[in-house]
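In this note's numbering, the protein residues as written are 2 to 243.
Printed below as a string of structure tokens:
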């Protein structure tokens with residue numbers, strides 16, 4: 002992957018208004034950051050999908066009733082773009098994650114560095130890389146789910162959109178659902194553009210009610226793709242058992 006593209010990505014992440022991102026996460030449980038990846042980097046990642054090496058596992062969604070499509074988990078060492086994102090973004094999300102644990106009166110606190118989080122994963126037999134690239138064709142979709150992978154999990158993750166909505170594909174909206182206790186679920190439907198990064202909750206978020214904060218469970222998925230091909234890059238910070 003071109004070094005200049007990685008340098009540009011690192012600079013864009015360093016120049017991001019992270020306090021504004023934190024405010025969005027606290028208010029909504031997700032935050033959208035436009036144009037983080039260049040077209041060249043998006044195309045390079047998409048072209049790499051067909052490479053015979055670089056991946057530890059391929060999952061055909063239909064076989065597991067996860068939806069219709071395919072995804073591949075990268076193996077370590079990760080591609081430079083993925084490693085850069087993991088290292089640069091994680092420290093900015095830790096204060097949000099720990100604030101959530103505090104207001105919900107949960108005991109978990111997350112370490113300042115990604116390496117320390119991964120050490121916790123290894124102590125719980127979570128050794129496998131979780132970043133993945135997903136591919137959907139016409140008719141493809143992804144059922145609502147959560148990316149936990151083991152006992153240790155970081156409460157925020159992100160996804161990069163590698164294809165252009167409307168031209169590369171139609172349909173295929175990114176869907177979040179939020180479950181309010183003793184009430185109906187809320188659906189959030191998003192259509193980010195090519196190169197955009199979306200940060201969202203892995204499992205739950207705190208929501209302020211009349212008696213303080215309560216835990217609202219959230220899941221994510223992808224609606225049916227009507228035409229074309231849709232690629233995304235998922236970045237989860239914790240490792241997996243398998």
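C-beta atoms are modelled at their ideal positions from N, C-alpha and C, and glycine is treated no differently.
With a 10 Å radius around the Cβ and a threshold of 16 neighbouring Cβ atoms, residue 21 comes out exposed. Taking C-beta separations shorter than 7 angstroms and ignoring five residues to either side along the sequence, the partners of residue 186 in its chain run 178, 179, 180, following chain order. When only Cα atoms are considered, residue 211 and residue 47 end up about 47 angstroms apart. Here residue 143 carries a strand assignment [DSSP, helix/strand/coil].
In the structure shown, the three-state DSSP call for residue 128 is coil.
Scanning its chain for C-beta atoms nearer than 8 angstroms, with the 5 sequence neighbours on each side dropped, one finds around residue 60 the residues 67, 71, 72, 73, 74, in chain order. Contact check for residue 232 and residue 164: beta-carbon distance about 5 angstroms, within the 8 angstroms limit, so the pair qualifies. Cα atoms of residue 175 and residue 115: separation of roughly 27 angstroms, rounded to the nearest angstrom. If you draw a straight line from the Cα of residue 16 to the Cα of residue 10, it comes to about 10 angstroms. Here DSSP, grouped into helix, strand and coil, assigns residue 118 to helix.
Between residue 54 and the set 240, 31, 78, the nearest pair of CA atoms involves 78. Here the stretch 130 to 139 does not lie against the stretch 204 to 219, with fewer than 3 beta-carbon pairs under 8 angstroms apart. The Cβ atoms of residue 237 and residue 31 do not sit closer than 9 angstroms to each other. Boundaries of the alpha helix (DSSP H) around residue 91: 81 to 104. By the Cβ-count criterion, residue 40 is exposed, with fewer than 16 other Cβ atoms from all chains shown falling within 10 Å of its own Cβ. Residue environment: residue 167 is assigned as exposed (fewer than 16 neighbouring CB atoms within 10 Å of its CB, all protein chains considered).
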